[in-house]
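Written as structure tokens, this is what we have:
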């Protein structure tokens, strides 16, 4: 068999990207630096307080002290642990820590708003 000799087309490359229109204005969308993030951080701080209160309440329900009276001696005291309550307390604390990290991030993004001139200078 014989091969046909073809030269590649140099005018248009198959993976060439067309030039963008220079007059088009690209909307960057919402920026990360928004002062309304204070409201989100405040809501997360309220949720953290509620989760810590719930975790303490669950932990107190999960640890039960039992006293068995004995004749002529001090009572025998034992402790019973309920795993479902202790696990719920651990989960609530874990969620509170995660919300705390996000609340710090939200506050930093709300505080570090840059003036418009600085944003335009970076572009």
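In full-length UniProt numbering, the protein residues as written are 1 to 123. We treat Cβ as the ideally placed atom computed from N, Cα and C, and that holds for glycine. Model, not experiment: these values are computed from the prediction.
Where does residue i sit, in a helix, a strand or coil, going by DSSP?
| i | result |
| --- | --- |
| residue 80 | strand |
| residue 73 | coil |
| residue 105 | helix |
| residue 112 | coil |
Just to confirm the assignment, what range does the beta strand (DSSP E) spanning residue i have?
| i | result |
| --- | --- |
| residue 66 | 63-68 |
Residues in its own chain within less than 6 Å of residue i by CB, not counting five upstream and five downstream?
| i | result |
| --- | --- |
| residue 64 | 80 |
| residue 110 | 35, 37 and 38 |
| residue 61 | 85 |
| residue 41 | 103, 106 and 107 |
| residue 69 | 75 |
Hey, residue i and residue j: beta-carbon distance below 8 Å or not?
| i | j | result |
| --- | --- | --- |
| residue 67 | residue 77 | yes |
| residue 51 | residue 103 | no |
| residue 99 | residue 47 | yes |
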